[in-house]
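Enquirer: Here the sequence shown is numbered in my numbering, starting from 3 and rising by one per residue.
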Amino acid sequence: MSIRNLSHFFSPSSVAVIGASDRAGSVGATVWRNVAGGGFRGAIWPVNRRHASVGGQPAFATVGDLPGVPDLAVLCTPAATVPALIGELGAAGCRAAVVISAGLDGDAGDGRTLREAMLAAARPWLLRILGPNCVGMLVPGIGLNASFAPLAALPGRLAFVAQSGALVTAVLDWATARRIGFSCFVSLGDGSDVDFGDLLDYLAADAGTDAILLYAESLRHARKFMSAARGAARGKPTLIVKAGRGADAARAAFSHTGAMAGSDLVYDAALRRAGMLRVFTTGELFDAVAMLARTRPPRGERLAILTNGGGPGVMATDALSDAGGVLARLAPSTVARLGEGLPALWSHANPVDIIGDAPAARYRHALGVLLEAPEADAVLLIHAPTAIVPSAEVARALLPLMADAPRPVLCCWLGGDSVAEARRLSMDAGIPVFDTPEEAVKGFQQLVDYRRNQALLMQVPGACELAVPDRAGARVQIAALLEDGAGPVGESPTKALLRAYGIPVVATEQVSGREAALAAAQRVGYPVALKIVSPDIAHKSDVGGVALDLADPAALAAALDGMLLRLGRERPQARVRGFTVQAMARRPLALELIVGISTDPVFGPVVLFGHGGIAVEVTADKAIALPPLNRVLAADLVSRTRVARLLAGYRGRPPADIDALCDVLVRVGQLAADVPELAELDINPLLADAGGVVALDARMRLERPPTRGDAGVRMAILPYPDQLERRIDGALGPLTLRPIRPEDAPAHIAFFHALTPLDVHMRMFGLMRELTPQQLARFTQIDYAREMAFIATRPGPSGADETLGVARVVIDPDGMRGEFAVTVRSDLKRRGLGRQLMHCLLDYCAARGVALVEGVALPENAGMHALARALGFSVHPAPDGMVAMRRTLAPNGEAR
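Quick look at the structure:
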């Protein structure tokens, strides 16, 4: 839904417990005891029809008897009573309710479930519901414990949100024992109204929350979740445990890519794209957040290991290798500096083994050198206790170095009581401490993964102009294919669709029989490949349905006859629709790859890439990404496979054309966005070498989409909305007004440099000479589901588009209010461009249903004030000394 009224959950002034009870062991008694005994300073009212008092406090028989409107209601009553109680609360003015009750899937008696009746009762009042079937929630900072958890949470700055009630109580117990505190602790339960997306939006803006921790078993509303998660992860560490990683969701499918639908790989891809860090246990969750909270992010992935024993150093190295990590290679100068203070028998390499008799001074010397070594991005200190020097003495000697370290330092104090003091000293100083080398390496790799995900979230792609696909031609093809019904589609029509999107394919013709095959081969040119076409055969090579390198008509005719003979013997029921004849691709150094599309039940279309060929299941080398893609995202997708190392070149083989490969992945992402009927696509093999890429074989499966309209509706991430592009004529000549794209980053830098310092001050409310990479990413990599930036462009002197002006609006999660800003290049002012951009923006907001558009300007920005008044905005001084501009919109864009 939205973040509307969520504040009533986290900062209520009064709480009513409906179903509060004194009956020992009941949920109502436990919840009342927790609410009443938690230290909440607001009004607390028990509601119970049968008892005049609860817990020694006067009780109220009904909601109507309460002395005031509760900010928050907690329902512990039987499921059948919940819809009516929600209706009463809403009518009374309550706007937030925690529904502890379970069993709302039962019949309400009017054709609806109790859950549907509850939501219908809440809807007219915008009353928000947490649950049902949840443990409740805790806000320790205000003493609110609206739950039946057995323990209270300690106050802190971590937000924890979980679906599993059992896990909520277990983690609460675990965290309390470790003195871990929370800004809030929320059990979602069934998530019928308030869900992960709502809470991510709220907590991202919560000043009392430094990091957000999630435990999820399933996700719904993929686009809402992705938008909220990307927004939250840009601002603060957002970590998730996603349970249910088993392979039972995978299914046999028409295509290799289709088998990925519902798999855990898709969740991995979505969470990576959102910039979140995924961990796999609750212990890892809190270890990771402790690392992120206490440690500055590493500049890279290279780890230096400092140890007083060879065995622990080897264990850490093995763990790093197993995790795909990078062991820092020490430079000769670093080795020389280390040797100045170490005995002759030290390891002279990484891991840096300083020998078991190492005194504190030896540790200080080695750690100091490693912290200054440019080839190391982080240092792992491993200490095994000895009788020569107390571990605490070593810790005290190193703490000043570790506290001021320019890069992350992780500690592993091996042992028990003998290293307990060293552990305590390190933890008190905010240094991450681990019990084993393996756990320490895992912690470091979590830092690395988080850094990668954040970098990917912020990385700006270079300019990349791909040919515009023939979307109209593709639509005609799809419509013609669907006239014969949905289902599998063979090689020839699939390749025709690929050609419409600029994906190179081998010349291929589909024919019905011998004479047509011979004629097609003559046109294509020998040698040729012959493949059988049958809707009943998924893998043609398994039944001898592929013949290669046919050099002449005789070889082609013999292959065709033999193919039919084998098929009649091995698969007599298979329907034969003909054959494809294609030119042989002579590329002996090419690698066989697979590229495809699958449709996930939660996240919609996904793009697969991996090592292809007939052994694709055996190699099991694949990665998945959510479309739309750009070259940066496509390159990241490729890098997550083992075949990426082969594509980089080896043993004299030149590297493949990675740009051409990435362009294919980008185009396949476009296909996923543009063609909602495309349920599955396999391009296998896609040959790649130094000369480029070409698709040898391809097929697809079509489904009729459940609804017509926007092809991007099913996508978790809204694609570029090209339907919003406009062509206009004005004082500056013909211009294009269109949404901004990530590839506009270079032009946006040039646009910023074309602004005078005064104009930068007017727009940014301060002086700024350069845009930081993070700012550039935020300006150009926008979430089209939550914000919009229209730019005015025209071809520049170099031929590339130049940006002349931009109008931007950021829409709140409710979709009701938008905050705007507009900037025109300093040398192009007073030509009407700002007005044209704002008209475009206001039309967009009205179409989206945004009710209020507002912005702020400096008092001296008279030009902005005048433009706003001319566009129907009210302009008036704001309490903070700024000037506020506001305009309400009717659905047709008219002021009202």
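Don't be surprised by glycine CBs; every beta carbon is placed ideally from N, CA and C.
Grab me the residues of M797's own chain with a C-beta within less than 8 Å of its C-beta, minus the 5 sequence neighbours each way, in chain order.
Expert: Per the sequence presented here, residue 797 reads as Pro, with Met not at that position. For P797, where only same-chain residues beyond five positions count, the Cβ hits under 8 Å are D803 and E804.
Enquirer: Can you look up P797 in the DSSP assignment and give me helix, strand or coil?
Expert: Reduced to three states, the DSSP call for P797 is strand.
Enquirer: Beta-carbon within less than 8 Å of A86's beta-carbon, same chain only, minus the 5 sequence neighbours each way: which residues are those?
Expert: A123.
Enquirer: Check whether the Cβ atoms of G358 and A386 lie closer than 9 Å to each other.
Expert: Contact: yes.
Enquirer: Look at the alpha carbon of R35 and the alpha carbon of D197, and state the distance between them as a whole number of angstroms.
Expert: So the alpha carbons of these two residues sit roughly 27 Å apart.
Enquirer: Assign I626 to one of three DSSP states: helix, strand, or coil.
Expert: It is a strand residue.
Enquirer: Locate the beta strand (DSSP E) running through Q512, then write down its first and last residues.
Expert: First-last of the beta strand (DSSP E) with Q512: T510 to V513.
Enquirer: Give the single residue among V101, A81 and C96 whose Cα lies nearest to the Cα of D109.
Expert: That would be A81, whose Cα lies nearest to the Cα of D109.
Enquirer: In angstroms with no decimal places, state the Cα-to-Cα distance between L663 and E440.
Expert: Those two C-alpha atoms are separated by around 37 Å.
Enquirer: Buried or exposed for G418, going by 16 or more other Cβ atoms inside 10 Å?
Expert: When all chains shown are included, G418 counts as exposed.
Enquirer: Determine the DSSP secondary structure at A697, reduced to helix, strand or coil.
Expert: The answer is strand: DSSP assigns A697 an E or B state.
Enquirer: Among residues of its own chain, excluding the 5 on either side of T643, which ones have a beta-carbon nearer than 7 Å to its beta-carbon?
Expert: Around T643: F611, G612, H613, D623, K624 and A625.
Enquirer: List the whole-angstrom C-beta distance separating R339 from A276, where the pair is believed to meet the contact cut-off of C-beta under 8 Å.
Expert: Wrong, their Cβ atoms sit about 42 Å apart, outside the cutoff.
Enquirer: Exposed or buried, what is R253 when buried is set at 16 or more other beta-carbons lying within 10 Å of its beta-carbon?
Expert: Unreliable positioning characterises R253 in this predicted model, as indicated by a pLDDT of 44, which lies under 50. The coordinate reading is nonetheless provided below. Counting Cβ neighbours within 10 Å, R253 comes out exposed, since fewer than 16 surround it.
Enquirer: Evaluate contact between the stretch 51–64 and the stretch 95–114, counting only Cβ atoms and requiring at least three cross-stretch pairs below 8 Å.
Expert: No: the two stretches stay apart, fewer than three of their Cβ pairs being nearer than 8 Å.
Enquirer: Report back the beta-carbon spacing between A697 and P506 to the nearest angstrom; my notes put them in contact at under 8 Å.
Expert: That belief holds up - the Cβ atoms of A697 and P506 are roughly 7 Å apart, short of 8 Å.
Enquirer: Which residues mark the beginning and the end of the beta strand (DSSP E) in which E821 is found?
Expert: Per DSSP, E821 belongs to the beta strand (DSSP E) from R819 to V826.
Enquirer: Looking at D814: is its Cβ nearer than 9 Å to the Cβ of I5?
Expert: In contact: D814 and I5 (Cβ atoms closer than 9 Å).
Enquirer: CA-CA distance, G615 and T738?
Expert: Each residue's Cα considered, the two are about 44 Å apart.
Enquirer: For the pair the stretch 526–542 and the stretch 591–601, tell me if three or more CB-CB distances fall below 8 Å.
Expert: With a cut-off of 8 Å, the stretch 591–601 and the stretch 526–542 do not count as touching, because too few Cβ pairs lie within range.
Enquirer: Go ahead and label A474 buried or exposed: buried means 16 or more other beta carbons lie within 10 angstroms of its beta carbon, across all protein chains shown.
Expert: Exposed is the call here.
Enquirer: Could you tell me the distance, in whole angstroms, from the CA atom of L569 to the CA atom of G489?
Expert: Between L569 and G489, the C-alpha separation is close to 22 Å.
Enquirer: Any chance you could list the alpha helix (DSSP H) runs of at least 4 consecutive residues sitting entirely within the stretch 523–558, in chain order?
Expert: Qualifying alpha helix (DSSP H) stretches: none in this window.
Enquirer: Who are the Cβ neighbours of L783 in its own chain at under 6 Å, not counting the five residues just before and after it?
Expert: First, the amino acid is wrong: residue 783 is Gln here, not Leu. Closer than 6 Å at Cβ, skipping near neighbours: P744.
Enquirer: R577 lies in the alpha helix (DSSP H); which residues open and close that run?
Expert: Unbroken run through R577: none, as it is neither H nor E.
Enquirer: Leaving out five residues on either side along the sequence, give the residues of the same chain with a beta carbon under 6 Å from the beta carbon of A26.
Expert: There are no such residues.
Enquirer: Quick check on T774: does DSSP put it in helix, strand or coil?
Expert: Here T774 sits in coil by DSSP.
Enquirer: Exposed or buried, Y365, counting other C-beta atoms within 10 Å across all chains shown (16 or more means buried)?
Expert: Classification of Y365: buried, given that the 10 Å Cβ count is 16 or more.
Enquirer: Note down the Cα distance separating D845 from Q838, rounded to an integer number of angstroms.
Expert: So the two alpha carbons sit approximately 11 Å from each other.
Enquirer: Can you name, in chain order, every residue of its own chain whose Cβ lies under 6 Å from the Cβ of A306, other than the five neighbours on each side?
Expert: Result list for A306: A330, N352, L372, A378 and V381, in chain order.
Enquirer: For C136, which three-state DSSP category applies?
Expert: If DSSP states are grouped into helix, strand and coil, C136 belongs with coil.
Enquirer: Just the C-alpha distance for Q575 and E493, rounded to the nearest angstrom, thanks.
Expert: Between Q575 and E493, the C-alpha separation is close to 21 Å.
Enquirer: Let me make sure I understand the geometry here. Which of I719, L91 and A31 has the alpha-carbon closest to that of G66?
Expert: Among I719, L91 and A31, the Cα nearest to that of G66 is on L91.
Enquirer: Considering only residues of the stretch 373–410, which uninterrupted beta strand (DSSP E) runs meet the minimum length of 3 residues and lie entirely inside it, listed in chain order?
Expert: Those beta strand (DSSP E) runs which fall completely within the stretch 373–410 and span 3+ residues are 380–385.
Enquirer: Starting from the C-beta of G606, find all residues in its chain whose C-beta is less than 6 Å away, skip the five residues before and the five after it, and write them out in chain order.
Expert: Cβ neighbours of G606 beyond the five flanking positions: R716, M717 and A718.
Enquirer: State the beta-bridge partners of T890 as determined by DSSP.
Expert: Partner(s): L854.
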